[in-house]
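Chemist: One gets the working numbering by counting positions in the sequence shown from 1 and adding 18 to each.
Don't be surprised by glycine CBs; every beta carbon is placed ideally from N, CA and C.
Given the structure is predicted, the values throughout are model-derived calculations rather than measurements.
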Amino acid sequence: MLKADLHIHTEYSSDCNTPLERIINRCLEIGINCIAITDHGTAEGALKMQSLAPFKVIVAEEILTPHGEIIGMFLKKTIPSGLSVEQTISQIRAQGGLVCVPHPFDTFRQSALDAKIVEGIVDQIDAIEVFNSRTILLRDLTKAQTFAQKYSIHGSAGSDAHTLGEIGNAYVEMPEFNGRDDFLNALAKGKVVGHRTNPLIHFVSGWAKLKSSLKRQ
Numbered sequence: 019m020l021k022a023d024l025h026i027h028t029e030y031s032s033d034c035n036t037p038l039e040r041i042i043n044r045c046l047e048i049g050i051n052c053i054a055i056t057d058h059g060t061a062e063g064a065l066k067m068q069s070l071a072p073f074k075v076i077v078a079e080e081i082l083t084p085h086g087e088i089i090g091m092f093l094k095k096t097i098p099s100g101l102s103v104e105q106t107i108s109q110i111r112a113q114g115g116l117v118c119v120p121h122p123f124d125t126f127r128q129s130a131l132d133a134k135i136v137e138g139i140v141d142q143i144d145a146i147e148v149f150n151s152r153t154i155l156l157r158d159l160t161k162a163q164t165f166a167q168k169y170s171i172h173g174s175a176g177s178d179a180h181t182l183g184e185i186g187n188a189y190v191e192m193p194e195f196n197g198r199d200d201f202l203n204a205l206a207k208g209k210v211v212g213h214r215t216n217p218l219i220h221f222v223s224g225w226a227k228l229k230s231s232l233k234r235q
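#1: Taking its Cβ as the centre, do 16 or more other Cβ atoms sit within 10 Å of D144, making it buried, or is it exposed?
#2: Apart from the five residues just before and just after C118, which ones in its own chain have a Cβ nearer than 6 Å to its Cβ?
#3: Between which residues of its own chain and K82 is the CB-CB distance below 6 Å, once the five residues before and five after are set aside?
#4: Relative to the alpha-carbon of G138, which residue among I107, S151 and G115 has its alpha-carbon at the smallest distance?
#5: Would the region 109 to 116 count as touching the region 127 to 138 if we require 3 or more Cβ pairs under 8 Å?
#6: Check whether the Cβ atoms of F149 and A188 sit closer than 8 Å, and answer yes or no.
#7: Do you know offhand how far D200's Cα is from N216's?
#8: Could you pull the DSSP bridge partners for S174 from this structure?
#9: Cutting at 7 Å between CB atoms, please list the residues of its own chain near Y30, excluding the five before and the five after it.
#10: To the nearest angstrom, report how far apart L101 and K95 are at their CA atoms.
#11: Does DSSP put E78 in a helix, a strand or coil?
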């Protein structure tokens with residue numbers, strides 16, 4: 019049985035300073051044996067992690083569109099930010115990837131995909147995050163769970179970790195799988211486990227983003 023944290027960031031994200039090797043060690047320490055690396059705007063960290071980790075790694079990317087973020091899973095290369103929702107989905111499909119909507123209906127998250135957009139692309143969504151540990155309001159998580167049930171969409175879950183201590187705050191207990199299609203079958207049989215992270219953690223990733231911006235200047 020896998021414990022799959024399906025939303026983790028690394029030092030390849032502008033708002034995270036966590037090295038790949040430390041993520042691997044933390045996962046081994048707490049029993050997380052499947053992860054999706056979902057860095058902002060790049061799949062490079064995920065691709066490197068896949069070659070380093072002694073457990074299953076899904077190459078993913080959190081892609082920013084003009085209307086909010088979409089996660090592409092089982093990718094082979096980076097998809098650029100700034101494309102329309104339709105173009106982003108098309109690029110994910112071109113790589114044989116899966117479309118996942120992260121932190122939907124999150125009241126305080128500007129990067130959450132617009133609710134009307136989510137409704138409009140419902141037939142193109144392979145998975146939707148029904149539990150994101152960084153979502154502050156329980157009602158937003160409940161809304162995501164209700165939406166997934168209404169449209170029979172597979173429910174995903176992840177810590178959205180930007181720090182080591184967050185890893186494993188949410189995960190899916192699911193059967194072993196091989197490849198994208200088998201992943202969806204396993205996800206359908208999965209059980210979401212987790213708790214919400216202290217909201218103050220957002221200041222940590224905000225500070226990391228500021229430091230990263232200052233370094234580039």
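Modeler: According to the structure shown:
#1: Position 126 of the sequence shown, counted from the start, is the residue given in the question as residue 144. Looking at its Cβ environment, which holds 16 or more other Cβ atoms inside 10 Å, D144 is buried.
#2: In the sequence shown, counting from the first residue as 1, residue 118 sits at position 100. Within the same chain, C118 has close Cβ partners I89, M91, A145 and S174.
#3: Residue mapping note: residue 82 aligns to position 64 of the sequence shown, counting from 1. It should be noted that the sequence gives Leu, not Lys, for residue 82. Closer than 6 Å at Cβ, skipping near neighbours: S99.
#4: To locate residue 138, count along the sequence shown from 1; it is residue 120. When each option's Cα is compared against that of G138, the closest is I107.
#5: no
#6: On the sequence shown, residue 149 is found 131 positions in, with the first residue counted as 1. On the sequence shown, residue 188 is found 170 positions in, with the first residue counted as 1. Yes, they are a contact pair.
#7: Position 182 of the sequence shown, counted from the start, is the residue given in the question as residue 200. Position 198 of the sequence shown, counted from the start, is the residue given in the question as residue 216. Computed Cα separation, rounded: 34 Å.
#8: Position 156 of the sequence shown, counted from the start, is the residue given in the question as residue 174. For S174, which the question treats as bridged, DSSP gives the partners E147.
#9: For the purposes of this step, residue 30 is taken as the residue at position 12 of the sequence shown. Hits under 7 Å: D57, T60, E62 and G63.
#10: Stepping through the sequence shown from its first residue, residue 101 is reached at position 83. Stepping through the sequence shown from its first residue, residue 95 is reached at position 77. Rounded to the nearest angstrom, the two C-alpha atoms are 15 Å apart.
#11: For the purposes of this step, residue 78 is identified with residue 60 of the sequence shown, where counting begins at 1. The sequence as given places Ala at residue 78; Glu does not occur at that position. Three-state result, A78: strand.
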